[in-house]
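Under our numbering, the first residue of the sequence shown is numbered 863, with each subsequent residue one higher. A quick write-up on the structure given underneath.
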Amino acid sequence: MTGATDAGVVPEIFLDEVTPPPRPTPDDWIIRKAAGAMIDNDPHLCGDDETSEDLGLQHGKVITFSRLYTYPNATLTIPQSGDWRCDPPAPEGAAYVMIEDEPETFSDSVGELVANYIDLTPGDAYTLIFYSWVDEIWSFDAVAGKFTRGAA
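So this is what it looks like as structure tokens:
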């Protein structure tokens, strides 16, 4: 992924319109409670920190984490007449794009974003955020208290 920055991982079950900030490694999502280890249940997403069956970790449990790769931003210019311009062009390897702070503009390409987002104002410029999510399989090793790459 040329030009991409590894921003960390998020448990796949948390990927949605509101996703918690990535953490550097899957192990950074482990918390220990009296009942055992679990994935940290982000209270900003769920409203509380109660243990959930989906978040409990037992030896050998396979968890999919999604790794976030970010790319340099670009500026989308919508001229008064003529075609839109993206400067610099969309980076190779970026799977998704959105206008900064406007997640509802999430698109697979700049062209799709321009075609589908009707509130773009001619004469204005917009900051574009490019990124990719890559799924990774990890399994929990209860003896070591950490995740290992791949299925157990």
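Ideal Cβ positions, reconstructed from N, Cα and C, are used throughout, including at glycine. On a predicted model such as this, the values are computed, not experimentally measured, just so you know.
Query                                                                                                                                         : Result
Just mark residue 888 as buried or exposed, buried being the case when its beta carbon has 16 or more other beta carbons within 10 Å.         : buried
By alpha-carbon positions, which one of 994, 924, 980, 944 ends up nearest to residue 1009?                                                   : 924
Using the Cα positions of residue 1003 and residue 952, report the straight-line distance between them to the nearest angstrom.               : 40 angstroms
When DSSP labels each residue in this structure, what does residue 987 get in the three-state scheme?                                         : strand
For my contact list, residue 932 and residue 867 are in at a C-beta cut-off of 8 angstroms; report their separation, rounded to the angstrom. : 5 angstroms
In whole angstroms, give me the CA-to-CA distance for residue 995 and residue 881.                                                            : 12 angstroms
For the alpha helix (DSSP H) containing residue 974, list its first residue and its last residue.                                             : 972–978
Output the boundary residues of the beta strand (DSSP E) element that contains residue 901.                                                   : 898–901
How is residue 892 classed by DSSP in three states: helix, strand or coil?                                                                    : strand
Is residue 956 buried or exposed, if buried means 16 or more other CB atoms sit within 10 Å of its CB?                                        : buried
Return the CA-CA distance between residue 885 and residue 943, expressed in angstroms with no decimal places.                                 : 43 angstroms
Is residue 985 closer than 8 angstroms to residue 1001 when the C-beta atoms are compared?                                                    : no
Shortest alpha-carbon distance to residue 1014 belongs to which of 935, 891, 922?                                                             : 922
With DSSP collapsed to three states, give me the class of residue 940.                                                                        : coil
Identify whether residue 930 lies in helix, strand or coil by the three-state DSSP scheme.                                                    : strand
Give the single residue among 899, 958, 930 whose Cα lies nearest to the Cα of residue 990.                                                   : 958
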